[in-house]
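Below: one structure, written as structure tokens.
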Amino acid sequence: MAGPPQSSNSENIESNIDAGLATLRAQFPARFNAAESEPSLREENAKLLGKKGELTAILKQLGAVAPEARKAIGERVNALKTEVEAAFQKRLATIEAAKRDAELNARPFDLTLPGRLAAPIGHAHPISIVRDEIVDIFARLGFQVHDGPEIELEDYNFTKLGFPPDHPATDMQDSFWTTSGHLLRTHTSNIQVRAMLSQKPPFAFIAPGAVYRRDDEDATHLPMFHQIEGFMVNERVTFAELRGVLTEFAERLYGRDTTIRFRPSYFPFVEPGAEVDVRCVFCKGGGCSICKQTGWIEILGAGMIHPAVFEHCGIDPEKYTGFAFGMGVERIAMLRYDIPDLRMLVENDPRFLVQF
Amino acid sequence: MKASFNWLRALVPTLPNDPREVAGRLARGGIEVETMRTFGDGAEKCIIARVTALRAHPARTGLRLVTVDLGAVGAIEVVCGAANVPDPGGLVVFAPLGTTLPAKGMTIGRREIGGIVSEGMLCSEAELGVSNESDGIIVLPAELAAPGARFIDAVPSAHDTIFELGVTPNRPDALGHIGLARDIAALSSIDWTPPPLKSALLAHGKQATSEVTVRIEDAEGCPHYAATIVEAVTIEPSPLWLQHRLTSLGIRPISNVVDMTNLMLMLYGHPLHAFDFDRVSDATIVVRRAREGERLTTLDGVERTLSTDDLVICDTKAPIALAGVMGGAASEVTSLTKRVLIECAYFDPRVIRRAARRHAIHSEGSHRFERGIDSGDTMRVLTDVTAGVVELTRGHAVPGATLVVAKEIRQPSVRLRNARISQLLGFDIPAAEVATSLRRLGFVKLSGDAESSTFVVPTFRPDVSREVDLIEEAVRLHGFDAIPRAMPTVLAIQGPPGRETFLRRVRDAAVTFGLYEALTYSFVSPEQLEAVGAPAPTVILKNPMNDQRSVMRTSLLPGLFESLSRARRHGERDVRLFSVGTLFGEAPAGQLPLETSHFSALLAGDRPSYLQHAEPVDAWDAKGLAIGMLAKLTKRSADVVTYTADKRPLYLHPRAAGEVRVDGVAVGRIGLLHPDVAAKFDVGNDTVVVELNLQTIADLPKKAERIAHLPKFPASTRDLALVLSDDIPAGDVLANIVASAGDLGESVSIFDRFVGKGIPADHASVAFRVVYRASNRTLTDAEIDARHAAVVAAAQSRFGAQLRS
Ligand SMILES: [Zn+2]
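Just so you know, the protein sequences line up as chains A and B, in that order.
In this text, residue positions in the first sequence follow my numbering: the first is 1, and each later residue adds one.
In this text, residue positions in the second sequence follow my numbering: the first is 1001, and each later residue adds one.
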């Protein structure tokens, strides 16, 4: 008695459900295809399959369906869900591909806008740059950096180096004196004395640092400037080796096509002494205003360490020989960068410094 | 030292007639030719003209029309304004059209003066560049040359090439033309001896002349003194050739006697002095040290107060010359002088140098004496100069000369071992070549064998006293160009890297942080140091350049502020500078001043920003820079601790000054510049600074360079935002959170700070991020939540902070 009408009601509902499913099946491809963006696609998907979606609404009738029929309906619903899900993914992939294509083909970024720096760009001083480069060359040749004080004893700055008191050679280096009777070193040759007094040969040192001479500040003089002194002491170090080392240095600093020449000169702490010129790097020797038409530019003073200096420092000049050389960093920087006035080096104008 | 090419060629006739070549040889021998110029530039085109007629200019008073005979060219009438145009028959010098006169910066063109056309000009010496001043046109002796002759053929001394030489202090012999001639001859492989004297060498001795008594009371200061007397002299201007020679060498012609002594100075490098003998009391010369406070008026008109270290030439009454430096005015040779005493002496170089420096006189004489003149040429020079004075003054010499030798100067002899040459030079110079070179330079070989030779050093080479000096002479003549290249076989053993490496790391780090490196002077003014609250300077310069650079710095800041101020004046607003340099501290007893390396930086103006409105730098930029630098240099995280009022450096702003510490060690400070200091240095108030003591940083104990192993278990992050009163330092809250997070807290950071809407006045919302992690397990949410709740509660109760949602 209770069966058939019940059953017939259940069947009605079942067919209602099937009709609903059929409607969904018929609609969803078009509805997905109508979605142009991922959010609208997802919205459409939620309308179809979401908790409050159309499928859920259809399935609300399922409670009224005979239990034995539910499984079959469930299978049909799952089949539909699978179809919808696949269509959703396909449409999603299409939309994403279109979006990617659109992004790739959109207007290029304006790379003429300034770059965003990780940190502002800093600049080393040209004197540091040149000094480091020179020190590095000699370091690779086996010279070791040696430090020394900027305020020095007269004995170490002059006397032990063979500048006797009241000798005109000291005119070449007019000194600043302190009220306690010391002087500001006039060269980094004081390191030579300090090294020889404290160490036994063999050694090869390079001594960079600030030096001071009582010259009025002008385009070619600063009362404080920088020097690099180098020296090597061993048994049988020769003048030819000095030439070899300085030639190597010049070639590494200015390029392999550089040549140098030695001219006899005088520094109290060397004998023989020489001034060393490099072939003008600007005119390659043809003559220009920078080399004053000579084709050569003086960059170094050099020579064999004077036996008197060895004696003053307790080294036997019969057993050991050595060479020494010195150069002004400012001069080399001035030539390299075409700096017209040395005072620019101490004015620290950012517009100058930013160029290094 | 100026040298005449013509004179050198007269001394060494086989030299090439090419000044450039001669200059090159001198330079290769170590005598640098700094410049080369033509004397009498402009004289070349001038010709000798004879005045044939003279008439007044019809329109211009003071001008005359002079007709001159130019020989083959014919005659020409020119306008002349000189008062000394000679009468017809007189010889003058004519510069034709187109003559360039560099001394006057003009080229002669056709000129019309008062309606009269003048094509050419009668010249003065100054116009030809052969004299510094002229009083009228050149008038030549009527028989000198025929009209039409070239002026420089008629007056050869009016044209020369002058070398400006850079003679090093060890080569006094090169301060005279004889010495230069010897060197250039040797460098040219020419056997050469000085030209013979024109007169016989003077006999000398104490009795050679009874006219003058010479007494040397200081044998150290004056080993030799010799004198001659010339009587019946006529003092007048020197002949043209002599005036030209001296002018070309930069010496002003004065009178025949003085000019002759100067000529000999330039020939021999031996300074001489002529006294008016009638002004020498009691005909007596005494060489002694001055008495303290004695006075002497020197030739330059300056009255000088002498000291006991000054060597003076005296008569029986008073000093009459500052020996070797400058003569006295009272005994000067004048147009009234009848008898002259000519002094030729050897003075001790150091004595002369001290006197010259004390009296701030640098004369041709002192320049040579202090370098050491030829101690062996006294009689030769005296003979030559006396003959010259006699000739020019038409006087006559008292026979003989007085020579007093108070101290013999011994000539060293030096042994040269043949083997030593290649040992020192790395290549060999044959012994025969060495011997020839040394002979040409005036060395006399005393003895020799297969291994070595011994040479006597000539008196004019006081710089030579050792074997190595002979080797230098040998290689100098051999040519430095011939030195081969070799590389040393053994180089030094390397030691540990020194300060240099560390300082370079500092500079590199600062550049990485976008700073510009500044180079600043080590000397500053005490006021500048005081203004930045730096320690008072202890290294004071005795002879500073000026008051602004009178002490050695104890802070790098004044130099940086000077640079900033200058940059601002140039319109550069945003400046980021640093400097690495030495500071100078008090010297420990008996030692040199303490030198320590420091780093200072300043940031001023706006912080670099990207496409947005820039904001001025502030104290946190300074803090960040300090921390960044120290992270790079020490691999450690530094702290900045606000100074208490009593410790704060006064140059920093009271609200923004902190001490920088690494592991509790104070290594520097940061802060905003105090406005008063900013005003003093003329820099903006928006300036922040960082100072680091690099010595302290370098001395920090080395940290073990080991990595922390990466965590194995995941972390969880919780944020909290607290509304904090501005009285509460965020760092205190952070420390509190770290403490309460305890063993589960891995790190705490501040990631946001907000002031504004919804936040009470004088408060800020500060957001903290706490990372929780255990090293041995994955933490559960429950564990973390419990700990975080405790963290929040602790912070809220400790600081009375509201939790911001
Ligand atoms: Zn050049």
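By construction, the Cβ of each residue, glycine as well, lies at the ideal position given by its N, Cα and C atoms.
As the structure is a computational prediction, the values presented were derived from the model and not from experiment.
Arg-1485 of chain B reaches chain A at Ala-240, Arg-243, Gly-244, Thr-247, counting residues in chain order whose Cβ is nearer than 7 Å.
With the criterion set as a beta carbon lying under 7 Å from some beta carbon of chain B, the members of the segment 340 to 352 of chain A are Leu-345, Val-346, Glu-347, Asn-348, Asp-349, Pro-350, Arg-351, in sequence order.
With a contact defined as Cβ atoms closer than 8 Å, Thr-1261 of chain B and Ile-1342 of chain B qualify at about 7 Å. The C-beta of Leu-1650 of chain B has fewer than 16 other C-beta atoms within 10 Å across all chains shown, which makes the residue exposed. Tyr-1643 of chain B sits in coil when the DSSP states are folded into three classes, being neither helix nor strand. Not flagged as an interface residue toward chain A: Leu-1008 of chain B, since no C-beta distance is shorter than 8 Å.
For Gly-1062 of chain B, the shortest separation between its Cβ and any heavy atom of ligand 1 does not lie below 7 Å. Within its own chain, the residues whose Cβ lies closer than 7 Å to the Cβ of Leu-24 of chain A, once the five positions on either side in sequence are excluded, are Leu-48, Glu-54, Leu-55, Leu-80, listed in chain order. Taking a Cβ-Cβ cut-off of 8 Å, Met-196 of chain A has no neighbours in chain B, whose nearest Cβ is about 13 Å from it. Distance from the Cα of Glu-1595 of chain B is smallest, within the candidate group B:Phe-1751, B:Ala-1761, B:Thr-1582, B:Gly-1166, for B:Thr-1582. Remark: three or more beta-carbon pairs, one from each stretch, lie closer than 8 Å, so the segment 1136 to 1153 of chain B and the segment 1085 to 1095 of chain B are flagged as touching. The beta carbon of Gly-230 of chain A sits no closer than 7 Å to any heavy atom of ligand 1.
Exclusion of the five residues before and after Asp-1160 of chain B leaves Ser-1004, Phe-1005, Asn-1006, Phe-1039, Gly-1040, Ser-1248 as the residues of its chain whose Cβ lies within less than 7 Å of its Cβ. Within chain B, no C-beta atom comes less than 9 Å from the C-beta of Arg-336 of chain A; the nearest is roughly 16 Å away. By the Cβ rule, the segment 101 to 119 of chain A does not count as touching the segment 61 to 79 of chain A, because fewer than three pairs are nearer than 8 Å. Residue environment analysis places Trp-1192 of chain B among the buried positions, since at least 16 neighbouring C-beta atoms fall within 10 angstroms of its C-beta. If you look at Phe-239 of chain A, you'll find it in the alpha helix (DSSP H) that goes 239 to 254. Linking Gly-1115 of chain B to Asn-1132 of chain B through their CA atoms gives a straight-line distance of about 32 Å. For Val-1302 of chain B, the number of other beta carbons within 10 angstroms of its own is below 16, and it is reported as exposed. Nearest CB-CB separation between Val-309 of chain A and chain B: not below the 8 Å threshold. Around the C-beta of Gly-1671 of chain B, 16 or more other C-beta atoms lie within 10 Å, and the residue is accordingly described as buried.
Assignment of beta strand (DSSP E) within the segment 1204 to 1270 of chain B, counting only whole runs of 3 or more residues, yields 1213 to 1216, 1224 to 1231 in chain order.
For the segment 1743 to 1794 of chain B, the continuous beta strand (DSSP E) assignments of 3+ residues that do not extend past its boundaries occur at 1745 to 1754, 1763 to 1772, in sequence order. Short note on Ile-290 of chain A: C-beta closer than 7 Å to some heavy atom of ligand 1. In terms of beta-carbon proximity, Val-329 of chain A stays away from the interface with chain B, with every pair separated by 8 Å or more.
Annotation: Asn-12 of chain A to Ala-98 of chain A spans about 44 Å, alpha carbon to alpha carbon. Between ligand 1 and Phe-267 of chain A, a heavy atom-to-CB distance of less than 7 Å is absent. Pairing Leu-1560 of chain B with Val-1551 of chain B, the inter-Cα distance amounts to about 16 Å. When the beta-carbon positions are compared, Val-1068 of chain B and Thr-1228 of chain B stay at least 8 Å from each other. Using a Cβ-Cβ cut-off of 8 Å, Val-211 of chain A does not count as an interface residue toward chain B, since no Cβ of chain B sits closer than that to its own. Identification of chain B residues near Ile-297 of chain A by a Cβ-Cβ cut-off of 7 Å yields none; the smallest Cβ-Cβ distance measures about 14 Å. Within the chosen limit of 7 Å, ligand 1 does not reach the beta carbon of Gly-255 of chain A with any heavy atom. For Phe-282 of chain A, the shortest separation between its Cβ and any heavy atom of ligand 1 lies below 7 Å.
Between the alpha carbons of Lys-1045 of chain B and Val-1051 of chain B lies a distance of about 19 Å. In terms of Cβ geometry, Leu-1724 of chain B and His-1763 of chain B form a close pair [threshold 8 Å]. One alpha carbon belongs to Val-1212 of chain B, the other to Ile-1313 of chain B, and they sit about 14 Å apart.
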